[in-house]
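Sequential numbering of the sequence shown, starting at 12, is according to the working numbering. We put the beta carbon where it would ideally sit given N, CA and C, even for glycine.
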Amino acid sequence: ERLYALMRDAAKHYHDNLYGERGKLARDYLEARQVPQRLVTRFGFGASYDGEEIINFLLGKGYTRAEMKEAGLIEQKADRWYDVFYGRLMMPIINNFGEVVAFGGRLLEKADFAKYKNTKETMVFNKSKTLYNINLLKKLKREQTIREVIVVEGYMDTISLYQAGFRNVVASM
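Following this line, the structure appears as structure tokens:
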């Protein structure tokens, strides 16, 4: 329960970051991809600014660095802790119970490392047992009969199809 609460607080904070002054790069990326505001909100997009900002926020909420590491949000290099997602557009990964269990991060500036990064496997996140957008698919199932589900490769594929009116879409992790 503590990890779920930590991840929920992190997701809210990353989402709030999107609307701050330093969230402009992430907002520009979403605008370039033509993601409307209603989907930015629905999917809970956020922004990670730098290596320490989320750590300081979560410490202020009473979480420990050990809990943040256990949740897959931070790592330690020498004696310095850092946000593993810094400089990325953040996409919370929500399980079928509506709990934030992980994050996907899309690099916003060119670099020599992976454009997309997922939370490592943790006590609450097993990527082979998780589908991106399963929470909204479950909500749709409560509203109507679903005859088929479209499975795509990634987050932005899911969001593009969702925007085009296909709400019965998920992405494998």
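By alpha-carbon positions, which one of the options ends up nearest to residue i?
i: Ile66; options: Ile161, Tyr25 and Val163; result: Tyr25
i: Arg33; options: Phe124, Trp92 and Leu100; result: Leu100
i: Gly149; options: Tyr15, Leu14 and Asn179; result: Looking at the sequence itself, residue 149 is Lys, so the reference to Gly does not match. Taking only the C-alpha atoms, the option nearest Lys149 is Asn179.
i: Gly31; options: Glu110, Ser59 and Arg53; result: Ser59
i: Thr52; options: Glu132, Thr130, Lys23 and Lys131; result: Lys23
i: Ala122; options: Gly98, Met134, Val135 and Arg76; result: Gly98
i: Ile170; options: Tyr74, Lys131 and Gln45; result: Gln45
i: Lys35; options: Glu110, Leu84, Ile85 and Glu120; result: Glu120
i: Phe136; options: Leu84, Lys126 and Arg158; result: Leu84
Determine the direct distance from the alpha carbon of residue j to that of residue i, and round the result to whole angstroms.
i: Ala82; j: Phe68; result: 15 Å
i: Asp39; j: Gly115; result: 18 Å
i: Asp20; j: Ala175; result: 30 Å
i: Phe177; j: Met167; result: 13 Å
i: Gln87; j: Lys80; result: 9 Å
i: Asn144; j: Gly57; result: 16 Å
i: Asn146; j: Arg91; result: 35 Å
i: Leu172; j: Glu42; result: 17 Å
i: Gly71; j: Lys152; result: 38 Å
i: Pro47; j: Tyr74; result: 33 Å
i: Ala89; j: Glu154; result: 51 Å
i: Arg158; j: Glu132; result: 31 Å
i: Glu12; j: Glu110; result: 10 Å
If you measure between the beta carbons of residue i and residue j, is that distance less than 8 Å?
i: Gly5; j: Pro103; result: Missing from the structure shown is residue 5; the chain here goes from 12 to 184 and no further.
i: Asn106; j: Thr156; result: no
i: Lys138; j: Phe96; result: no
i: Ala182; j: Val163; result: yes
i: Glu63; j: Asp94; result: yes
i: Glu78; j: Leu14; result: yes
What whole-angstrom Cβ distance do residue i and residue j have, given they're in contact under 8 Å?
i: Leu29; j: Ala37; result: 6 Å
i: Val112; j: Met18; result: 6 Å
Taking all protein chains shown into account, do 16 or more other C-beta atoms lie within 10 angstroms of the C-beta of residue i, making it buried, or fewer, making it exposed?
i: Phe124; result: exposed
i: Thr130; result: buried
i: Phe108; result: exposed
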